[in-house]
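Participant: Quick note: the sequence shown uses numbering that gives the first Met the number 0, first residue 0, plus one each step. Virtual Cβ for every residue (Gly too), placed ideally from N, Cα, C.
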Amino acid sequence: MIFALMIIPLFLLASIYIGLKKKNYASLSLKIGAVILAIIYFFRLFSLDYFEELSNSQNLIPFSFFRILFVLLRAYTSGAILVTLVTPFFNNKHFSLILSRFVPIVAIVNFILIKLNGQAFLGPSFSWSTLRMFQFGLEQGLLLSMGCLAFLTKKFEQEDLTVKRIAQAFGIFSFATLLVMPLYTFRGIFGPLGQTPKDFNPLHRIILYLCFLVPAVLYILFRSKTYESRYLLTVLLAVAGIFTYFNNYDFNSFTVLTKWPLHLCNTAMILMFIAFIFRSKTFFYFNYFINVVGALIALVIPSISSDFFSITSMHYWINHFYAFMLPLLGVALHIFPRPNFKLITASIGVFSIYFIVVAFINSWFYNYDTGVNYFFLNDDFLAKKFGFLKTLRFNGIFDIPVGNLTFRVYPWYWLGIYFGFIFLTFATWFVYDALYKVSDHHYDWHVRKVRHKLLGGGTTSLSIEEINAMQGVNSSIKISNFSKIYGKNKTKAVDDFSLEVHQGEIFGFLGHNGAGKSTVIKSLVGIQSITEGTIEVCGFDIQKNPLQAKLMIGYVPDNHAVYERLTGREYVSYIADLFLVSTEDRRNRLDKYVKMFGLEDAIDKQIKTYSHGMKQKISVIASLIHNPKVWVLDEPLTGLDPTSAFQIKECMKDHAKAGNIVFFSSHIIEVVEVICDRIAVINKGKLVTIENLHNLKEKGISLESIYLKYVGDINLLEGELNVS
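(1) At what residues does the alpha helix (DSSP H) containing R586 begin and finish?
(2) Excluding the 5 residues preceding and the 5 following Y706 in the sequence, name in chain order all residues of the same chain whose CB lies nearer than 7 Å to its CB.
(3) If you draw a straight line from the alpha carbon of E672 to that of P635, how long is it in whole angstroms?
(4) So, is S460 buried or exposed, given that buried needs 16 or more other C-beta atoms within 10 angstroms?
(5) Could you tell me if the beta carbon of F41 falls within a distance shorter than 8 Å of some heavy atom in the ligand NAD?
(6) Give the straight-line distance between the Cα atoms of W413 and L423, rounded to the nearest whole angstrom.
(7) So for I681, helix, strand or coil by DSSP?
(8) Once you ignore the five residues that flank V342 on each side, which residues in its own chain have a CB closer than 6 Å to its CB?
(9) With a threshold of 7 Å on Cβ separation, who are the neighbours of N421 within its own chain once the five nearest residues in sequence on each side are excluded?
(10) Using beta-carbon positions only, say whether F481 and D495 come within less than 9 Å of one another.
(11) Using alpha carbons as the reference points, say which of T390, Y417 and K487 lies closest to V357.
(12) Measuring alpha carbon to alpha carbon, tell me which residue in F335, L256 and Y321 is nearest T281.
(13) Could you give the uninterrupted runs of the beta strand (DSSP E) lying entirely in the segment 81–166, keeping only those of 3 residues or more?
(14) Sort out for me which residues DSSP pairs D398 with in a bridge.
(15) Please say whether A119 and Y208 have beta carbons closer to each other than 9 Å?
(16) Quick check on DSSP: helix, strand or coil for F578?
(17) Could you check how far apart the C-beta atoms of T83 and L137 are, in whole angstroms? I think they sit under 8 Å.
(18) Mapping DSSP to helix, strand and coil, what is T637?
(19) Going along the chain, which residues of its own chain have a beta-carbon closer than 6 Å to the beta-carbon of V687, five neighbours each way excluded?
(20) Taking buried to mean at least 16 other C-beta atoms within 10 Å of its own C-beta, is Y315 buried or exposed?
(21) I'd like to check one pair, Q139 with N109: are the Cβ atoms closer than 9 Å?
(22) State the DSSP-derived secondary structure class of K21, mapped to helix, strand or coil.
(23) If I measure Cβ to Cβ from L202 and keep anything under 7 Å in the same chain, skipping five residues before and after, which residues do I get?
(24) Which of the three DSSP states, helix, strand or coil, is assigned to L632?
(25) On the three-state DSSP scale, how would you describe Y555?
(26) Taking a contact to mean a Cβ-Cβ separation below 9 Å, would you say I17 touches T152 in this structure?
(27) Please classify S497 as buried or exposed, where buried requires at least 16 neighbouring CB atoms within 10 angstroms.
(28) Going by other Cβ atoms of all chains shown within 10 Å of its Cβ, with 16 needed for buried, is N286 buried or exposed?
(29) Could you pull out every residue in the same chain whose Cβ sits closer than 8 Å to the Cβ of S14, ignoring the five residues on either side in sequence?
(30) For G293, is the classification buried or exposed, using 16 other Cβ atoms within 10 angstroms of its Cβ as the cut-off for buried?
(31) Going along the chain, which residues of its own chain have a beta-carbon closer than 7 Å to the beta-carbon of F89, five neighbours each way excluded?
(32) For the alpha helix (DSSP H) containing K614, list its first residue and its last residue.
(33) Would you report the Cα separation of A25 and P103, rounded to the nearest angstrom?
(34) On the CB-based measure, 16 or more other CB atoms within 10 Å of its CB, does Y367 come out buried or exposed?
(35) Using the Cα positions of M551 and V330, report the straight-line distance between them to the nearest angstrom.
(36) Would you check if the segment 310–325 and the segment 173–192 touch, i.e. whether three or more CB-CB distances between them fall below 8 Å?
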């Protein structure tokens, strides 16, 4: 402990120095500190403390103020550690406020009450020079140092530090504490409950209700939050789950064969942690299809009979609750996409391997400990609960001698369990699928309602395409005498511009930088005002009927402006929501374009990790998700590799063949010449020519010569061409 007290001032001095002099290194320092703290805390979980031993025994320390104080302090210390571990990796004001204000207070209180902590850890006659006290000193020193560093570097405006904001932060801090509190917390505060949840007694029913209610409440609270907030919630739950699970272990536990983490829901806690931290779809969907079923069975027919507030019972219920809830929230909150039927077969394959391995281990370890019973394959617990297994359990027991060992197997019983579980897994898929359809139906009803309100009149059950057909709308662009003046500038950026584009055309828009291309395009798509003239899209005036007109347009800007903290799927889904696209249409189109552009491995990663070409592709997908009548692209091929450019060009051709308009600007004359039907050239804000490329080809005139004639120097060409 003395050595730890010598190190703590160094931690503090380093944090103050970085916070005042090297703020650029603050974020990295907090992340490094979080990793070190995670390692220290993880190994500390395997230390069985004196108070924990008493709490797990029948002789609980008599009720007193100090007992309650210690239990609450240990709970909030665990919450402080959880917050400190995750905050450096997320940009969240509430968590930053907790780290910079509440965490240092918890650490200081722990140091003030260090003697009380030592007695609770090691007993009344504890020694300061023990590994447990050294670990405690390092842990609290890191909390204090990281909290101080966050305090010095995280700047909050006055409105962020109102009583309401601080109260919200404390509420979130208390929620985090509840997630990762020590297993003896309730018993330490209230004593034994005196009841065991089983056989659907009132306590058992209340627990089951909460198991369904809590994820539903979290879903409602977080469904409209940003992706980062939703992901933060699931990471918080995953980290809390892994720490809570190992909180009931000590190093000696691994020498006991019956305590290895090989039960299905034990593996769930480890796999869910890996799935959410490292975004592993393989581990996630295994849990989603397999462990949710196992956890639900464990919650409905518990295999534990101790007092509900006992450490053993709390460990059982909390971990199975996490194993049940986390996968459901992972899909509901769109952290992972909805699975397809192919994934369930892969999950069953992995489960089959797990089942064979566990059956072998049960048979092998039975030689050393007859209590080994992973996945309940050796005892009669499941046989008692499911009558059809009873005969299989007792009428087919075989002992197979192998050398000095005897492998006990229950082949018919094991097959019954295996196929029963497979049946439940498939049944779960149909339940999931039904819930997906209900969700989709509700969303489509909402879309029809909003669409009816926006477009006015008509039948609410019609799609956008059907409404267009009913109103006789064809793909068209009509720009009449359009002029644009910016601010008080007397010079017109675009002057008296008129143009019509017809259904099925790929129309190229050419001009030097500053010629007015982007001005025309931004006014066409409705993101800037019109000074004079009119612009109509599919018959809708962009000024008089902006909603109807914009529903017809898909737009790819020249800077691929996207929300980089969202995943590709999240961003496209967000755009689909804006354009009222039904769930079935968006799913089909997204699958089509993701495959077309080769984004299968990237679609569920954050956009900030994408390359320039990938960002351009996701912008293209988002612009096409509502199958627009008019697809507008501003310099779509700039900076793309040849493969990406080819894919986008093919997509443009396909969209025009379907009877839509593709209107795009470009500097690449060779591309425009190959794929366009007609082009327009703008120079100094004025439309100087409109050309039909098929006619030019018949005359043997190149587009380059036309372009240079109107906006460049015709003498740059070798020999003067007659382009009149």
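Facilitator: The answer reads as follows:
(1) Element bounds for R586: T582 to M595.
(2) Close CB contacts of Y706 within its chain, under the 7 Å cut and outside five residues either way in sequence, are with L509, I668 and V680 (chain order).
(3) If you draw a straight line from the Cα of E672 to the Cα of P635, it comes to about 15 Å.
(4) Reliability of the predicted coordinates at S460 is poor, the pLDDT of 40 falling under 50, and no value is obtained from them.
(5) For the structure depicted, the ligand NAD is absent and the ligand set is empty, with no information on it obtainable.
(6) Here the C-alpha atom of W413 lies approximately 15 Å from the C-alpha atom of L423.
(7) Strand, per DSSP.
(8) Checking the sequence, you will find Leu at residue 342 rather than Val. Once the five neighbours on either side are set aside, the close Cβ partners of L342 are Y284.
(9) Looking at the sequence itself, residue 421 is Ile, so the reference to Asn does not match. Answer for I421: I347, listed in chain order.
(10) Yes; because the gap between Cβ atoms is below 9 Å, this pair is in contact.
(11) Per the Cα distances, Y417.
(12) When only C-alpha atoms are compared, the closest one is F335.
(13) Contiguous beta strand (DSSP E) elements confined to the segment 81–166 do not occur, taking only those with 3 or more residues.
(14) In the DSSP assignment, D398 forms a beta bridge with R407.
(15) Taking 9 Å as the Cβ cut-off, Y208 and A119 do not qualify as a contacting pair.
(16) F578 falls in the coil class under three-state DSSP.
(17) Beta-carbon to beta-carbon, T83 and L137 are separated by about 13 Å, too far to satisfy the 8 Å threshold.
(18) DSSP places T637 in coil when its eight states are reduced to three.
(19) For V687, where only same-chain residues beyond five positions count, the Cβ hits under 6 Å are V680 and Y709.
(20) Result: buried.
(21) Taking 9 Å as the Cβ cut-off, N109 and Q139 qualify as a contacting pair.
(22) Three-state result, K21: coil.
(23) Here the set comprises Q194, P196 and F307.
(24) It is a strand residue.
(25) Contrary to the premise, residue 555 reads as Val rather than Tyr in this sequence. Reduced to three states, the DSSP call for V555 is strand.
(26) Yes, the Cβ-Cβ distance between I17 and T152 is below 9 Å.
(27) By the neighbour-count criterion, in which a residue is buried when 16 or more other Cβ atoms sit within 10 angstroms of its Cβ, S497 is exposed.
(28) Note on N286: 16 or more other CB atoms within 10 angstroms of its CB, so buried under the neighbour-count rule.
(29) Correct list, in chain order: S28, S144, M145, C147, L148 and L151.
(30) Burial call: buried.
(31) The residues are E227 and L231.
(32) Where K614 is concerned, the enclosing alpha helix (DSSP H) starts and stops at H611 to L623.
(33) In a straight line, the C-alpha of A25 is about 17 Å away from that of P103.
(34) The residue in question, Y367, is exposed, as its Cβ has fewer than 16 Cβ neighbours within 10 Å.
(35) Spanning the two alpha carbons is a distance of roughly 31 Å.
(36) Contact between the segment 173–192 and the segment 310–325 is present, because at least three Cβ pairs lie under 8 Å.
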